[in-house]
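Asks: Quick one: structure below, then a few questions.
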Amino acid sequence: MRAHVFDTMGTVVSLTLPDSPAAEAAVAEATRQFRLFDERYSLYRSDSELARVASGEIPLTAASDELRSTYAAALQWRDATGGSFTPHRPDGVVDLNGTVKALAMQAAADTLLDSGFSDWCLNAGGDVLCAGHQPDGTAWRVGVVDPADRGSLLFAISVESPRRAVATSGTAERGDHIWLATAIDSTYVQATVVADDIETADVLATAIVAGGPSALASIVERWSVDVLTVAPDGSLRATPGLTAALVTEEKERDGELGSRHGHGVPARCEIDSPVAKPL
Amino acid sequence: MTIRATLGGIFASVAILVVGWQAGSAAVTSANSTSSATRPGSSTTTGTPAATPSAAGAPATAATQATSAAPAKAAASGSFTGSDTNTPFGNVQVQVVVSNGKITDVKALHLTDSGGRSVQISNYAVPILKSEVLQSQSVNVSSVGGATYTSDAYLTSLQAALTKAGL
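Going down the list, the sequences are from chains A and B.
Take 1 as the starting number for the first sequence in the working numbering and just add one per residue.
Take 1 as the starting number for the second sequence in the working numbering and just add one per residue.
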């Protein structure tokens with residue numbers, strides 16, 4: 001079990017895969033999927049198709065089918081979230097960053113599954129998509145950073161099919177391209193959404209941070225997702241499903257989260273204290 | 001006619017649950033707001049859909065005012081209020097409206113949540129203490145999520161620490 005790390009889309013992707021002769025090729029293919037999306041949609045590359053649409057060089061109507069369908073899907077998300085999620089920057093530029101990273105993650109996931117990898121954990125800039133189990137047969141565990149202290153975890157959940165996508169959106173770091181036509185709600189500084197697919201998780205996490213309590217209430221009612229929100233004062237809210245998935249001392253003691261198969265090498269890492277230092 | 005009456009009864013029961021449940025969650029929200037007065041960010045969240053309570057709530061209010069209108073013994077007519085009953089979803093008190101010996105309406109007068117239990121039947125996000133979400137000082141995790149970090153910020157992230165630690 002090893003974490004393969006590569007830079008893409010202005011962030012870092014970690015792909016944890018079991019050791020295998022095919023691992024390097026699988027990582028290369030996953031990397032390529034991210035690059036393909038970045039090359040088409042990055043607004044930081046003046047030669048990307050979306051950048052050329054933004055500059056007016058290519059009319060949207062003349063853009064590729066892929067770009068237009070990605071845009072159409074983003075507009076559907078905008079409508080579905082009552083505008084809390086939007087692919088439009090305040091200056092009117094179409095920015096698909098809100099969905100493209102998730103789409104790239106899904107594309108990379110598809111190539112992994114196609115090449116026979118059924119157990120892996122993919123982390124793209126803080127959004128996590130897992131498949132299968134850890135080598136010892138236990139569920140993947142995803143920790144989420146405390147927005148008030150990036151060096152510590154706020155909570156950890158076990159991730160099992162079908163809820164295998166964990167996306168977190170927040171105002172603390174990059175902003176996640178949270179825009180609203182109206183003022184951005186400031187009720188939540190961070191929202192984590194656990195869903196069956198990473199696109200839903202990512203979009204809804206953004207929508208909850210941008211749309212505040214009304215977006216949260218509407219989303220948990222209409223989508224089958226688990227949510228945990230963090231307010232500026234650190235107070236938390238969680239849906240029952242998320243609370244049930246939490247890794248707690250009691251569950252660890254009761255062995256609920258223990259090994260199902262009782263063999264294999266645990267691929268785990270202890271985080272006793274923030275050990276991260278600038279390189 | 002029997003089928004229609006039965007269906008009507010089922011519908012009424014569902015409506016009661018919906019009204020009661022929303023009343024219950026409203027109570028939870030206000031209860032939590034008071035208990036956490038020092039947390040400005042935690043009050044008045046979890047809005048309920050505005051349309052449902054007003055649609056279903058109006059007749060209930062009207063009937064409540066007509067409570068205890070002459071309960072008769074022979075061909076019973078009027079409103080009968082039950083005692084406060086403990087249920088898995090909180091305390092419930094219902095009022096039954098009877099017309100010529102037949103139940104014509106059932107209303108939930110009172111539904112309070114006890115210990116946050118009623119929320120388990122819904123997918124509401126309810127307040128939870130930080131001490132409840134992370135109890136261990138050290139937690140084994142496979143991956144660390146969080147708001148999107150840049151390539152630079154990754155270097156100082158927990159995920160980077162995790163990777164460097166040899167996962």
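Yeah, the Cβ is synthetic: ideal placement off N, Cα and C, and Gly gets one too.
For residue 161/A, which of 72/A, 213/A, 198/A has the nearest alpha-carbon?
Replies: 198/A
Asks: Would residue 112/A and residue 164/A qualify as a contact pair, given that the criterion is a beta-carbon distance under 8 Å?
Replies: no
Asks: Suppose you measure from the CA of residue 167/A to the CA of residue 102/A; what does that come to, to the nearest Å?
Replies: 9 Å
Asks: Of all Cβ atoms in chain B, is any one closer than 8 Å to the Cβ of residue 268/A?
Replies: Its pLDDT being 39, under 50, residue 268/A is placed unreliably in this model, and the coordinates cannot settle the point.
Asks: Residue 221/A CB to nearest chain B CB: under 8 Å?
Replies: yes
Asks: For residue 218/A, count neighbouring Cβ atoms within 10 angstroms of its own Cβ and tell me buried if that reaches 16, exposed if not.
Replies: buried
Asks: Can you check DSSP and say which residues form a bridge with residue 198/A?
Replies: Bridge partners of residue 198/A: none, in fact.
Asks: What's the C-alpha gap between residue 93/A and residue 126/A?
Replies: 25 Å
Asks: So, residue 40/A versus residue 142/B, is the Cβ gap smaller than 8 Å?
Replies: Result no, Cβ atoms of residue 40/A and residue 142/B do not sit closer than 8 Å.
Asks: Check residue 120/A in the structure and name its three-state DSSP category.
Replies: Residue 120/A sits in a strand when the DSSP states are folded into three classes.
Asks: Taking the DSSP output, what are the residues bridged to residue 156/A?
Replies: 143/A
Asks: Which runs of the alpha helix (DSSP H), 4 residues or longer, sit entirely within the segment 42 to 128 of chain A?
Replies: 49 to 54, 65 to 80, 97 to 114
Asks: Below 8 Å, can you find three or more Cβ-Cβ pairs linking the segment 2 to 17 of chain A to the segment 38 to 58 of chain A?
Replies: Touching, per the Cβ criterion.
Asks: Considering only the alpha carbon of each residue, which of 80/A, 48/A, 51/A lies closest to residue 222/A?
Replies: Of the residues 80/A, 48/A, 51/A, the one whose Cα lies closest to the Cα of residue 222/A is 80/A.
Asks: Identify whether residue 266/A lies in helix, strand or coil by the three-state DSSP scheme.
Replies: For residue 266/A, the predicted structure reports a pLDDT of 32, less than 50, and the residue's modelled location is therefore unreliable. A value from the coordinates is still provided. Secondary structure of residue 266/A (DSSP, three-state): coil.
Asks: Quick one: using the 10 Å Cβ neighbour count with 16 as the cut-off for buried, is residue 91/A buried or exposed?
Replies: exposed
Asks: Please look up how many angstroms separate the CB atoms of residue 226/A and residue 241/A, rounded, as I've assumed it's under 8 Å.
Replies: 4 Å
Asks: Check for me: the beta strand (DSSP E) holding residue 127/B runs from which residue to which?
Replies: 126 to 128
Asks: Determine, for residue 11/A, whether the minimum Cβ-Cβ distance to residues of chain B falls below 8 Å.
Replies: yes
Asks: Is DSSP giving residue 151/B helix, strand or coil here?
Replies: helix
Asks: Let me make sure I understand the geometry here. Which of 145/A, 17/A, 159/A, 170/A has the alpha-carbon closest to that of residue 159/B?
Replies: 145/A
Asks: Against chain B, does residue 227/A count as a neighbour if the rule is that its beta carbon must be under 8 Å from one of theirs?
Replies: In terms of beta-carbon proximity, residue 227/A lines the interface with chain B, with at least one pair separated by less than 8 Å.
Asks: In the structure shown, what three-state DSSP assignment does residue 174/A receive?
Replies: For residue 174/A, the predicted model reports a pLDDT of 43, less than 50, meaning its position is unreliable and no value from the coordinates is stated.
Asks: Output the boundary residues of the beta strand (DSSP E) element that contains residue 160/B.
Replies: Per DSSP, residue 160/B lies in no beta strand (DSSP E) segment; the continuous alpha helix (DSSP H) that holds it begins and ends at 158 to 164.
Asks: Could you tell me the alpha carbon to alpha carbon distance between residue 52/A and residue 89/A, rounded to whole angstroms?
Replies: 16 Å
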